[in-house]
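Protein chains in written order, with my numbering: chain D, 1 to 750; chain Y, 1001 to 1156.
Since the structure comes first, as structure tokens, the remarks are kept for the end.
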Amino acid sequence: MRPGSNARRTGRTYSRRQFGQAAAGIVLFFSMRPGAILGQSAPGGLPADLKANRRLDSWLRINAEGNIEVFTGKVELGQGNLTALAQIAAEELDVAFERVRMRPVDTSHSPDESYTAGSASIQAGGSALGYAAANARAILLELAAAKLGVPIGSLTVDDGVISSSGAANRVTYWQLASETPLARNAGNDVPLKSTSKYRIVGTSVPRLDIPAKLTGGEAYVQDMRVPGMLFGRVVRPPSYGARLSAFDDTAVKALPGVVSVVRDGRFLGVVARREEQALAARAVLQRAATWTTRSELPDDARLAHFLRASTDARVTTVSSRSPGPNTPQAVKTLTGNYFKPYVAHASIGPSCALAAVSDRILTVWSHTQGPYQLRIDLAKATGLALDNIRVIHAQGSGCYGHNGADDVALDAALLSRAVDGAPVKVQWMRDDEFGWEPFGSAMAMTVQAKLAGDGSIVDWQYDLWSDSFNMRPGLPGGVNLLAAWHLAQPFQATPPSEIPLPSGGADRNAVPYYDFPSQRITEHFLPTLPIRVSALRSLGAFGNAFAVESFMDELAETVGADPVEYRLRHLRDDRAKAVIRAVADRAHWQPGAKGDGTRGRGISFLRYESVKTYVALVADIVVDRTAGVIRVERMTAAADAGLIVTPDGISNQIEGSIIQGTSWALKEAVRFDRERITSRDWASYPILSFPEVPEIDIVLLNRPDLPSLGAGEAALPPVPAAIANAFFNATGKRLRDLPFGRDRVKAALT
Amino acid sequence: MPETFRIQVNGVEHSVTADGDTPLLYVLRNDLGLNGPKFGCGLEQCGACTAIVGAEAIRTCVFPLSAVGSAPVVTLEGLGTVEEPHPLQKAFIAEQAAQCGYCINGMIMTAKALLDRNPRPTRTEIRQALARNLCRCGTHLRIVRAIENAAKGAVP
Chain D
1 MRPGSNARRT GRTYSRRQFG QAAAGIVLFF SMRPGAILGQ SAPGGLPADL KANRRLDSWL
61 RINAEGNIEV FTGKVELGQG NLTALAQIAA EELDVAFERV RMRPVDTSHS PDESYTAGSA
121 SIQAGGSALG YAAANARAIL LELAAAKLGV PIGSLTVDDG VISSSGAANR VTYWQLASET
181 PLARNAGNDV PLKSTSKYRI VGTSVPRLDI PAKLTGGEAY VQDMRVPGML FGRVVRPPSY
241 GARLSAFDDT AVKALPGVVS VVRDGRFLGV VARREEQALA ARAVLQRAAT WTTRSELPDD
301 ARLAHFLRAS TDARVTTVSS RSPGPNTPQA VKTLTGNYFK PYVAHASIGP SCALAAVSDR
361 ILTVWSHTQG PYQLRIDLAK ATGLALDNIR VIHAQGSGCY GHNGADDVAL DAALLSRAVD
421 GAPVKVQWMR DDEFGWEPFG SAMAMTVQAK LAGDGSIVDW QYDLWSDSFN MRPGLPGGVN
481 LLAAWHLAQP FQATPPSEIP LPSGGADRNA VPYYDFPSQR ITEHFLPTLP IRVSALRSLG
541 AFGNAFAVES FMDELAETVG ADPVEYRLRH LRDDRAKAVI RAVADRAHWQ PGAKGDGTRG
601 RGISFLRYES VKTYVALVAD IVVDRTAGVI RVERMTAAAD AGLIVTPDGI SNQIEGSIIQ
661 GTSWALKEAV RFDRERITSR DWASYPILSF PEVPEIDIVL LNRPDLPSLG AGEAALPPVP
721 AAIANAFFNA TGKRLRDLPF GRDRVKAALT
Chain Y
1001 MPETFRIQVN GVEHSVTADG DTPLLYVLRN DLGLNGPKFG CGLEQCGACT AIVGAEAIRT
1061 CVFPLSAVGS APVVTLEGLG TVEEPHPLQK AFIAEQAAQC GYCINGMIMT AKALLDRNPR
1121 PTRTEIRQAL ARNLCRCGTH LRIVRAIENA AKGAVP
């Protein structure tokens, strides 16, 4: 891809029917109240992202050629958010979808919408863009009314053509483009379009980025080529704390094509003319360095114990509620302990960046989730002023959170600087990615519940031990870029801190969505653990939902209740009940049905972050008792994400979440010995393969009158409990430690 | 030592000067400017780099340039374009069978080799043929459906 170029587009559109049939499952429409609008975040106020970037021309540009350029602060990570945002812009402007050109984030002019994370592109980014577009439309109508000499109220817009019943003439957006004053701030007195008039939002528009990706187009940062570009590779220490004790780069420098060998502290890299020459130089450089390692990691086999026994925990009460006078007496107490290991992002394409210096501006093309935040840390690490750094988003492989994307951007900048600012493209090797990416934190959970005589839960005590899920770049108090820690003058990482609820970090979804008369949720935050961690899809929700939903199942079984009925009994929110009922209907749930020793089914539920998408899952599994292998045959899902912008996009995200969640649940744990990470490739970190993937059936509960809710991660956390509950249903045994590999399955069955 | 090799890629003969043990992947991407084959692992574990050499789906990240010889090489670009997609590409677009799309080159090229030797595979045979191709986004089911549809000629 050339700098600044846009992904190729097609003019083809597909009917909704084609997509409705293609996507597994169905869409049900619910209407709760009229008049609610797209993602309205605060009645009467502007959406936060628009409030932070009020100038309309930072969001939109109307061109005389007949198209609309949209500048969003959200980046395409392979989730299709740019297509959904284009739908929203086209909808509010009343133009054909094909006229919208989505521009990648560029810190020289795009709105700063912080990270693209937390399933917030539509909920936050969409509402901001929708308001900006509605504002622009109102300005255009004002101009048109003056031009045509008719009242604004008489105007209608059809694909950018403004006409009035009271005037013979018409005027188009494109004719007004040059005189449209978008260099003004958004106002909050502009109404959004009524959802009943939507033509584009709510339909499955084919993704803008897919055709180029399927035909070898220039779609990724990996595909960028600029004149004079060199190829860089890095050599990392073998372990987090390894010291460089000897280094001789004579042999590396003598290799063909090598332009530069870089050593700054324990940061090592090579720059070469050809990519295979950079690879060969990296291999020789690895042998040229002698490292001293030390025992610095915990015992992998006793990790849960290590977390619980930590003496450095910061203990906080996340939520507490005391019993009321009418709370029934407890007659029984149950306890369960659960564990989630470190999990890797494990992107298929190792992280990559291109950096070059021109006119004293360092430009970095990166698949970061936060171009503005990356720029902050690049400035700290390089000593350049913010204004002398430009970060432009270019797509990469799916990241699912904070992987090596930001780190490799600094690598590229350091290597480019070593060759006088010549453009250098750096891609990590597979073992760089596995060995150094920040993992999703390990977690230990303990639940204790008290039951009344009627079986209902009267008290819920929950303790959680985990590390940070937020060590992204751009935070105060340090630099969160790998190479910066290895320089001769090293920077420190920021002090780990917890993300406030309702979003939460390790404690995301630690507070159950169920209504218990008494509860206490306690977090033991462990900021001094030695393994590098940060944001991974759904953060702590994966471990917490595993514990909460497994234990709900255990309690239901203890009191002889059906797991569906037992959950409904403890919920107040009708939307929550609706998704549970919908999934039970769709899966033909039979209350009280027992598994046969090998086959079983289980249910789980989550309202993501307690304020986003509702999901309920039913897992159907088969257990091979001899081999110790669980096969998930089918997952049935029901989801309520409020107003659905693009049904096929949501289905794709839910399918992806379920498959990724099944992979985490059955297979994934980052392995390490006392010195170093030992999961370094796909053999030592296996993920779910094609023959192992479950069939998936999805019911979407559309709520056209309610705000869109973040949906990109919601279906992932309920996966492991659905499988573990199905395992219990099949075998009568509980799985409480992730992942459910052969050893654990066999141990549970003996 | 660099040598000059003549290789046929997507129906066109190219002259390439590089070490004979250079993985074909880098020649395709950097000398010929092709984007289809992707670097994923360099260990023939994930399949992102797949191209067809002769009649076989090959992991180009470990396949040396010198081993290509006179065998024709076909990459994703050799199948079709945005304007005129190959039936497999068309089927993948119709199913929206991609999230990030980084692995998809390997899926389509492996499927092409499969359909060339077995034009009507069962769903199980498709899953087996892709057993060594990794997808992280979880697009597996759409990929399988797209290949089924392409095999059936059921793409609009």
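Note that CB positions come from ideal geometry on N, CA and C, so glycine has one too.
Query: Determine the DSSP secondary structure at F247 (chain D), reduced to helix, strand or coil.; Result: strand
Query: Excluding the five sequence neighbours on either side, which residues of its own chain have a C-beta within less than 6 angstroms of the C-beta of F134 (chain D), listed in chain order?; Result: According to the sequence shown, residue 134 (chain D) is Ala rather than Phe. Excluding sequence neighbours, A134 (chain D) sits near E92, V190, L192.
Query: Between G1011 (chain Y) and chain D, is the shortest Cβ-Cβ distance under 8 angstroms, so that the two count as touching?; Result: no
Query: Pair every Cβ in the region 536-551 of chain D with every Cβ in the region 708-718 of chain D, then say whether three or more of these pairs are closer than 8 angstroms.; Result: yes
Query: With a Cβ-Cβ cutoff of 8 angstroms, do A219 (chain D) and G1047 (chain Y) count as a contact?; Result: no
Query: If contact means a Cβ-Cβ distance below 8 angstroms, which residues of the region 1022-1050 of chain Y contact chain D?; Result: T1022, P1023, Y1026, R1029, N1030, G1033, L1034, N1035, G1036, K1038, F1039, G1040, C1041, G1042, L1043, Q1045, C1046, A1048
Query: Taking the alpha carbon of F551 (chain D) as the point to measure from, which residue in D:S610, D:S295, D:S534, D:G602 has its own alpha carbon closest?; Result: D:G602
Query: For E633 (chain D), which three-state DSSP category applies?; Result: strand
Query: Closest by CA to G649 (chain D), which one among Y:A1113, Y:C1137, Y:V1012, Y:N1010?; Result: Y:C1137
Query: Return no unless some Cβ of chain Y is closer than 8 angstroms to the Cβ of K450 (chain D).; Result: no
Query: Looking at C-alpha atoms only, which residue of D:K213, D:V150, D:V75 is the closest neighbour of S110 (chain D)?; Result: D:V75
Query: Using a Cβ cut-off of 7 angstroms, which residues of the region 697-729 of chain D contact any Cβ in chain Y, in chain order?; Result: none
Query: With DSSP collapsed to three states, give me the class of L701 (chain D).; Result: strand
Query: Let me know the secondary structure DSSP gives K1112 (chain Y) once reduced to three states.; Result: helix
Query: For E523 (chain D), which residues in chain Y fall below 9 angstroms Cβ to Cβ?; Result: Per Cβ cutoff of 9 angstroms: no residues; E523 (chain D) is ~30 angstroms from chain Y at best.
Query: Assign H305 (chain D) to buried or exposed, taking buried as 16 or more other Cβ atoms, counted over all protein chains shown, within 10 Å of its Cβ.; Result: exposed
Query: Would you kindly check if the distance between the Cβ of V670 (chain D) and the Cβ of I677 (chain D) is under 8 angstroms?; Result: yes
Query: How many angstroms separate the CA atom of S239 (chain D) from the CA atom of L487 (chain D)?; Result: 15 angstroms
Query: Does the beta-carbon distance from G398 (chain D) to S114 (chain D) come in below 8 angstroms?; Result: no
Query: Return the first residue and the last residue of the beta strand (DSSP E) that W460 (chain D) is part of.; Result: 457-466
Query: Hey, would you say F267 (chain D) sits closer than 8 angstroms to K380 (chain D), going by beta carbons?; Result: no
Query: Using a Cβ-Cβ distance under 8 angstroms, would L77 (chain D) count as near chain Y?; Result: yes
Query: List, from N- to C-terminal side, the alpha helix (DSSP H) runs of 4 residues or more that fit wholly inside the region 464-550 of chain D.; Result: 482-486
Query: Using 8 angstroms as the cut-off, can you tell me whether the region 277-296 of chain D makes contact with the region 1032-1040 of chain Y, which would need three or more C-beta pairs spanning the two stretches below that distance?; Result: no
Query: Secondary structure at A449 (chain D), three-state DSSP: helix, strand or coil?; Result: strand
Query: Which runs of the alpha helix (DSSP H) spanning at least 4 residues fall entirely within the region 680-745 of chain D, listed in chain order?; Result: 719-731
Query: With a threshold of 6 angstroms on Cβ separation, who are the neighbours of F1092 (chain Y) within its own chain once the five nearest residues in sequence on each side are excluded?; Result: A1146
Query: What residues from the region 1070-1092 of chain Y come within 7 angstroms of chain D, judged by C-beta to C-beta, listed N to C?; Result: T1075, L1076, E1077, G1080, T1081, V1082, P1085, Q1089, F1092
Query: If A409 (chain D) sits next to S416 (chain D), beta carbons under 8 angstroms apart, how far is it from one beta carbon to the other, in whole angstroms?; Result: So it is not a contact: roughly 11 angstroms between Cβ atoms.
Query: With 7 angstroms as the C-beta to C-beta threshold (strictly closer), list the residues of the region 681-694 of chain D near chain Y in chain order.; Result: D681, W682, A683, I687, S689, F690, P691, V693
Query: Taking 8 angstroms as the threshold (C-beta atoms), are R508 (chain D) and N480 (chain D) in contact?; Result: no
Query: Under 6 angstroms Cβ to Cβ from G265 (chain D), same chain only, skipping five residues before and after it: list those, please.; Result: H486, L487, A488
Query: Judging by CA-CA distance, which residue of D:P325, D:A452, D:V234 is the nearest neighbour of V334 (chain D)?; Result: Position check: residue 334 (chain D) holds Leu in this sequence, whereas Val was assumed. Minimum Cα distance to L334 (chain D) is reached at D:A452.
Query: CB-CB under 6 angstroms to G39 (chain D), same chain, minus the five flanking residues each way: which ones, in chain order?; Result: Bear in mind that the predicted position of G39 (chain D) carries a pLDDT of just 43, short of 50, making it unreliable; the figure below should be weighed with that in mind. Cβ within range, chain order: Q123, G126, S127, P707, S708.
Query: Going along chain D in order, which residues have a C-beta closer than 7 angstroms to the C-beta of A1131 (chain Y)?; Result: S689, F690, P691
Query: As an exercise, report each continuous beta strand (DSSP E) stretch of at least 3 residues that is fully enclosed by the region 362-406 of chain D, in chain order.; Result: 389-393
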